[in-house]
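K.L.:
Residues in the sequence shown are numbered from 1 upward in steps of one, following the working numbering.
Take a look at this one; I'll ask things after.
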Amino acid sequence: LCSSNTVYFSFVWLSQYFSGAAMKQFTFKGLMAPVFTAYHGSSQQVNCEIVDPYAKLLKSKGVAAVLVNGTTGEGMLQTVQERKQVTEAWSAACSKHGLVLMVQIGGAPYPDVVELARHAEGLAVDGVLCLPELYFKPKSPEKLTEYLRNVASHCPETPFFYYHIPMFTD
Numbered sequence: 001l002c003s004s005n006t007v008y009f010s011f012v013w014l015s016q017y018f019s020g021a022a023m024k025q026f027t028f029k030g031l032m033a034p035v036f037t038a039y040h041g042s043s044q045q046v047n048c049e050i051v052d053p054y055a056k057l058l059k060s061k062g063v064a065a066v067l068v069n070g071t072t073g074e075g076m077l078q079t080v081q082e083r084k085q086v087t088e089a090w091s092a093a094c095s096k097h098g099l100v101l102m103v104q105i106g107g108a109p110y111p112d113v114v115e116l117a118r119h120a121e122g123l124a125v126d127g128v129l130c131l132p133e134l135y136f137k138p139k140s141p142e143k144l145t146e147y148l149r150n151v152a153s154h155c156p157e158t159p160f161f162y163y164h165i166p167m168f169t170d
């Protein structure tokens, strides 16, 4: 159900099913921008200096939230350190400009996903999204749920969402 300028994403809130602990409430209304990651010219180093003015611009245009390190932001192509740098820059900018911050942590080897989950929780992001394993794909819904439950256990105080784009899955 997509038009040329509208894509629907499915964010299934899973934390409520995975954790017995009290968790912060996640409420969101408005436009969420899946943000790109900027790089410095030929060095191909992540350019975090652009994040604050980018956040300010998005806020001025009526955007209420950003999705960082998703497919638009090329998170799966970055090192863990780069993903952390980008998340930290957006965390500061979102706090400053009053934006909701969602961070995608999946699409990497499991130990890296766990490290990114802990990092996101340490920054008190508003929500974490997680792609499933990309190479060793879950063989059943139960295996997918088990994977997501294991990842979510490393950020138990943060709302956790399965990041699923139906038009890209079998």
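Glycine is no exception: its CB is placed at the ideal position from the N, C-alpha and C atoms.
Per the DSSP calculation, G122 is bridged to which residue(s)?
P.N.:
None; G122 has no bridge partner.
K.L.:
To the nearest angstrom, how far is the alpha carbon of P159 from that of G41?
P.N.:
P159 and G41: Cα-Cα distance of roughly 35 Å.
K.L.:
On a CA-only basis, which of G106, G122, F36 is nearest G73? Give me that one, please.
P.N.:
F36
K.L.:
What separation, rounded to the nearest whole angstrom, lies between the Cα atoms of K61 and K139?
P.N.:
Cα-Cα distance, rounded: 42 Å.
K.L.:
Within the chosen definition, does the stretch 43 to 50 reach the stretch 75 to 91 through at least 3 CB pairs nearer than 8 Å?
P.N.:
The stretch 43 to 50 is in contact with the stretch 75 to 91.
K.L.:
In whole angstroms, what separates the C-alpha of T145 from that of A152?
P.N.:
Cα to Cα, the separation comes out at about 10 Å.
K.L.:
For M76 and P109, I'd like the C-alpha separation in whole angstroms.
P.N.:
10 Å
K.L.:
Count the C-beta pairs between the stretch 89 to 101 and the stretch 129 to 143 that are closer than 8 Å, then say yes if the count reaches three, no if not.
P.N.:
The answer is no - the stretch 129 to 143 does not touch the stretch 89 to 101, with fewer than three Cβ pairs under 8 Å.
K.L.:
Do P34 and L67 have their C-beta atoms closer together than 8 Å?
P.N.:
yes
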